[in-house]
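There are 2 protein chains.
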Amino acid sequence: MTSLLDQSPARPVIQRLKVMRQLADDEVVALEQAIREAIRRGRAGEDLICEGDCIDSVRIILSGWLCRYKALENGRRQILNFVLPGETCDAYAYLLSRTDHSIGAITPVVYADIKRARFEQLIKTHTSLGEAFWCETLLMGTIQREWAVNLGRRMALERVAHILCELFERLRPVGLLDGNTCSFPLTQMDLADATGLSVVHLNRTLQELRSAKLISLRERILRIEDLNGLKRIALFSPTYLYLYQKH
Amino acid sequence: MTSLLDQSPARPVIQRLKVMRQLADDEVVALEQAIREAIRRGRAGEDLICEGDCIDSVRIILSGWLCRYKALENGRRQILNFVLPGETCDAYAYLLSRTDHSIGAITPVVYADIKRARFEQLIKTHTSLGEAFWCETLLMGTIQREWAVNLGRRMALERVAHILCELFERLRPVGLLDGNTCSFPLTQMDLADATGLSVVHLNRTLQELRSAKLISLRERILRIEDLNGLKRIALFSPTYLYLYQKH
DNA sequence: CGGCTGATTGATCCCGGTCAAATGAGGTGG
DNA sequence: CCACCTCATTTGACCGGGATCAATCAGCCG
Numbered sequence: 001m002t003s004l005l006d007q008s009p010a011r012p013v014i015q016r017l018k019v020m021r022q023l024a025d026d027e028v029v030a031l032e033q034a035i036r037e038a039i040r041r042g043r044a045g046e047d048l049i050c051e052g053d054c055i056d057s058v059r060i061i062l063s064g065w066l067c068r069y070k071a072l073e074n075g076r077r078q079i080l081n082f083v084l085p086g087e088t089c090d091a092y093a094y095l096l097s098r099t100d101h102s103i104g105a106i107t108p109v110v111y112a113d114i115k116r117a118r119f120e121q122l123i124k125t126h127t128s129l130g131e132a133f134w135c136e137t138l139l140m141g142t143i144q145r146e147w148a149v150n151l152g153r154r155m156a157l158e159r160v161a162h163i164l165c166e167l168f169e170r171l172r173p174v175g176l177l178d179g180n181t182c183s184f185p186l187t188q189m190d191l192a193d194a195t196g197l198s199v200v201h202l203n204r205t206l207q208e209l210r211s212a213k214l215i216s217l218r219e220r221i222l223r224i225e226d227l228n229g230l231k232r233i234a235l236f237s238p239t240y241l242y243l244y245q246k247h
Numbered sequence: 248m249t250s251l252l253d254q255s256p257a258r259p260v261i262q263r264l265k266v267m268r269q270l271a272d273d274e275v276v277a278l279e280q281a282i283r284e285a286i287r288r289g290r291a292g293e294d295l296i297c298e299g300d301c302i303d304s305v306r307i308i309l310s311g312w313l314c315r316y317k318a319l320e321n322g323r324r325q326i327l328n329f330v331l332p333g334e335t336c337d338a339y340a341y342l343l344s345r346t347d348h349s350i351g352a353i354t355p356v357v358y359a360d361i362k363r364a365r366f367e368q369l370i371k372t373h374t375s376l377g378e379a380f381w382c383e384t385l386l387m388g389t390i391q392r393e394w395a396v397n398l399g400r401r402m403a404l405e406r407v408a409h410i411l412c413e414l415f416e417r418l419r420p421v422g423l424l425d426g427n428t429c430s431f432p433l434t435q436m437d438l439a440d441a442t443g444l445s446v447v448h449l450n451r452t453l454q455e456l457r458s459a460k461l462i463s464l465r466e467r468i469l470r471i472e473d474l475n476g477l478k479r480i481a482l483f484s485p486t487y488l489y490l491y492q493k494h
């Protein structure tokens, strides 16, 4: 079973949900089945979901990076969060009439697009699954709150360091770290829009982190040279990520 | 029935939840009953919930203002959101092992403290009630996201204007507006911590709004002199508040 | 009256924004 | 293979929004 799961595109999803809630084998199988039936692909730059859309399905990311964002009139944009492999875009978002923000693909993505009726049937028969998805949703909330702190009360250097720490620790439980490096597809523009900084200043802040021997970042590869040092200047405490929840 | 509800301390709660979901009379009665059994009082300045607490009940605010916040080591504080009469602190927060943020009373508050078991029994027999509380939770998420935009991509004047617009529109559906004025118990320090500004600059920004004849604010009373003007400079669009959801 | 909290004002500084231009890295078509 | 275009990164110069420090003022309460 475990070895079978290793091959499944649903692996990161199951891995994540199991941290939230104890899942019985039949629940895992049922979810995997639902995912397998509903696999879609998206191109880099494409919007999976646009602000104002009616949501009638649940999208679970199997591979690739996306971002939630809101665009303002005058060209400004705020990235609200990133969506990483194994994470769910919008479990239960169909409960609200329309979505308040857009979700765009940063890289090519593979995802499962499970229709509302199918999803509701799934969680009705497998209640732990339903709860696990609710935990997932609540977790987006805790991350969103930490981002508010980041944007409101941290200086540029702390802010950027914090976001790097967070992404690094979120990639770890789904097995996307390779030692102290990871694939890092964000442009500096993306990082600027996520941290509320200008591209120019973001660039200078990255250089500061590089010259402090904390990170190296080039050709879409991030290497954390000194994780503890980075966490220290970011005032990073990972508890809000609930990486090791005891069910 | 309606006239009876008018007298009930649960009135703002019912009013809010009915916007989210159609509620049957027996559901309203059941909720009212649960609230009546569980009424508590809190003093101004008191923390109802502290970061790191295990949550094992659901707190529904009947009157008074609170704020969610996170405190940083060095004395900095970020207010994440306000909790107004009729709103629920933490429906379903018990699904996560510990809470990531604190909730403090700004004014004296009256609230219902419904134990987890009681709450779960309530929503099990009355499913629309459960869904309405989930909508409430999702709504906190949409507000949190709008705050990220506020903190990340708006200038001081827009930011403060935006938060005033939001509070004003959130008070409206629970009947806490009196024409173009409302009770406004926040200190300038609270507003500064909510907008990510310094107290000094917040004070100057308020003066700017006053001299532009958009608001007047003194002795804990806010009067909006020109709501449309205020919305215009805030780039305020209330859709994220889902004030008129069609169930 | 003294002490406290919150609002206000003034002076100064600096973090980070803005503008503009240069450099580099693909990607594409002739 | 080169010319050319586009997009991302980088650098320099300058400016300004908002932070910081410090002092004053206004209520309020014991």
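Protein chains in written order, with this note's numbering: chain A, 1 to 247; chain B, 248 to 494. Think of the CB as a built atom: it goes at the ideal place given N, C-alpha and C, for glycine as much as any other residue.
Cβ-Cβ distance between residue 165 of chain A and residue 236 of chain A below 9 Å: Indexing the first sequence from 1 puts residue 165 of chain A at position 165. Indexing the first sequence from 1 puts residue 236 of chain A at position 236. Contact flag set, yes.
Starting from residue 318 of chain B, trace the beta strand (DSSP E) both ways and give me its first and last residue. The residue given as residue 318 of chain B occupies position 71 in the second sequence. That run of the beta strand (DSSP E) goes 313–318.
Based on the DSSP secondary-structure assignment, which residues constitute the bridge partners of residue 287 of chain B? Taking the second sequence and counting its residues from 1, the one referred to as residue 287 of chain B is at position 40. Residue 287 of chain B is bridged to B:358.
Given this structure, state the Cα-to-Cα distance separating residue 372 of chain B from residue 38 of chain A, to the nearest angstrom. Mapped onto the second sequence, residue 372 of chain B falls at position 125. Mapped onto the first sequence, residue 38 of chain A falls at position 38. Using only the alpha carbons, I get a separation of about 33 Å.
Where does residue 459 of chain B sit, in a helix, a strand or coil, going by DSSP? In the second sequence, the residue the question calls residue 459 of chain B occupies position 212. Note: residue 459 of chain B maps to coil in three-state DSSP.
Do three or more CB pairs link the segment 138–152 of chain A to the segment 80–87 of chain A at distances below 8 Å? yes
Assuming residue 385 of chain B contacts residue 96 of chain A under a Cβ cut-off of 8 Å, what Cβ separation, rounded to an integer in Å, is found between them? By 1-based counting over the second sequence, the position of residue 385 of chain B is 138. By 1-based counting over the first sequence, the position of residue 96 of chain A is 96. That pair is a contact at about 6 Å.
Look up residue 329 of chain B in the DSSP assignment and give the residues it is bridged to. Sequence index remark: in the second sequence, residue 329 of chain B carries index 82 (1-based). Answer is B:314.
Taking 6 Å as the limit between beta carbons, can you name the residues of its chain near residue 196 of chain A, skipping five residues before and five after? Counting from 1 along the first sequence, the entry for residue 196 of chain A is found at position 196. Only 151 meet the Cβ criterion.
My understanding is that residue 190 of chain A touches residue 67 of chain A, with C-beta atoms under 8 Å, so please give their C-beta distance in whole angstroms. Residue mapping note: residue 190 of chain A aligns to position 190 of the first sequence, counting from 1. Residue mapping note: residue 67 of chain A aligns to position 67 of the first sequence, counting from 1. Contact flag correct, Cβ pair sits at about 7 Å.
Let me know the secondary structure DSSP gives residue 429 of chain B once reduced to three states. By one-based count along the second sequence, residue 429 of chain B stands at place 182. Here residue 429 of chain B sits in strand by DSSP.
Quick check: the Cα distance between residue 440 of chain B and residue 395 of chain B, rounded to an integer number of angstroms? Taking the first residue of the second sequence as position 1, residue 440 of chain B is located at position 193. Taking the first residue of the second sequence as position 1, residue 395 of chain B is located at position 148. One C-alpha to the other measures close to 13 Å.
Could you give the DSSP three-state label for residue 410 of chain B: helix, strand or coil? For this step, residue 410 of chain B is matched to residue 163 along the second sequence. Helix, per DSSP.
Between which two residues does the alpha helix (DSSP H) holding residue 118 of chain A run? For the purposes of this step, residue 118 of chain A is taken as the residue at position 118 of the first sequence. Start and end: 116–125.
Neighbour list for residue 396 of chain B in chain A, Cβ cutoff strictly below 8 Å: Counting from 1 along the second sequence, the entry for residue 396 of chain B is found at position 149. By Cβ distance, chain A contributes 70, 72, 78 and 80.
Enclosing alpha helix (DSSP H) for residue 48 of chain A [first to last residue]: For this step, residue 48 of chain A is matched to residue 48 along the first sequence. No alpha helix (DSSP H) contains residue 48 of chain A, which is instead part of the beta strand (DSSP E) from 47–49.
Please tell me whether residue 135 of chain A has its Cβ less than 9 Å away from any Cβ of chain B. Here residue 135 of chain A refers to the residue found at position 135 when the first sequence is read from its first residue. Chain B, which has a Cβ nearer than 9 Å to the Cβ of residue 135 of chain A, makes this yes.
Give me the Cα-Cα distance between residue 477 of chain B and residue 451 of chain B, rounded to the nearest whole angstrom. Counting from 1 along the second sequence, the entry for residue 477 of chain B is found at position 230. Counting from 1 along the second sequence, the entry for residue 451 of chain B is found at position 204. Their Cα atoms are separated by approximately 16 Å.
Who pairs with residue 103 of chain A in a beta bridge, going by DSSP? The count along the first sequence starts at 1 and reaches residue 103 of chain A at position 103. A:49 and A:68, per the DSSP bridge assignment.
When the Cα atoms are used, what is the spatial distance from residue 432 of chain B to residue 414 of chain B? Position 185 of the second sequence, counted from the start, is the residue given in the question as residue 432 of chain B. Position 167 of the second sequence, counted from the start, is the residue given in the question as residue 414 of chain B. Their backbone Cα atoms lie some 12 Å apart in a straight line.
For residue 16 of chain A, does the three-state DSSP call read helix, strand or coil? Position 16 of the first sequence, counting from 1, holds the residue named residue 16 of chain A. Of the three classes helix, strand and coil, the one that applies to residue 16 of chain A here is helix, per DSSP.
Which residue wins for smallest C-alpha separation from residue 486 of chain B, given the options A:222, A:57, A:70 and A:123? By one-based count along the second sequence, residue 486 of chain B stands at place 239. Cα-wise, what sits closest to residue 486 of chain B is A:70.
Quick check: what's the CA-CA separation for residue 243 of chain A versus residue 127 of chain A? Counting from 1 along the first sequence, the entry for residue 243 of chain A is found at position 243. Counting from 1 along the first sequence, the entry for residue 127 of chain A is found at position 127. If I take the Cα positions, the gap works out to 22 Å.
Can you check which of these residues, B:367, B:466, B:463 and B:459, is closest to residue 232 of chain B by C-alpha distance? Missing from the structure shown is residue 232 of chain B; chain B here goes from 248 to 494 and no further.
Could you check the C-alpha separation between residue 332 of chain B and residue 339 of chain B for me, to the nearest Å? Start at 1 with the first residue of the second sequence, and residue 332 of chain B comes out as number 85. Start at 1 with the first residue of the second sequence, and residue 339 of chain B comes out as number 92. When rounded, the distance between both Cα atoms is 19 Å.
Hey, how far is the Cα of residue 466 of chain B from the Cα of residue 40 of chain A? As a position in the second sequence, residue 466 of chain B is number 219, starting the count at 1. As a position in the first sequence, residue 40 of chain A is number 40, starting the count at 1. Between residue 466 of chain B and residue 40 of chain A, the C-alpha separation is close to 57 Å.
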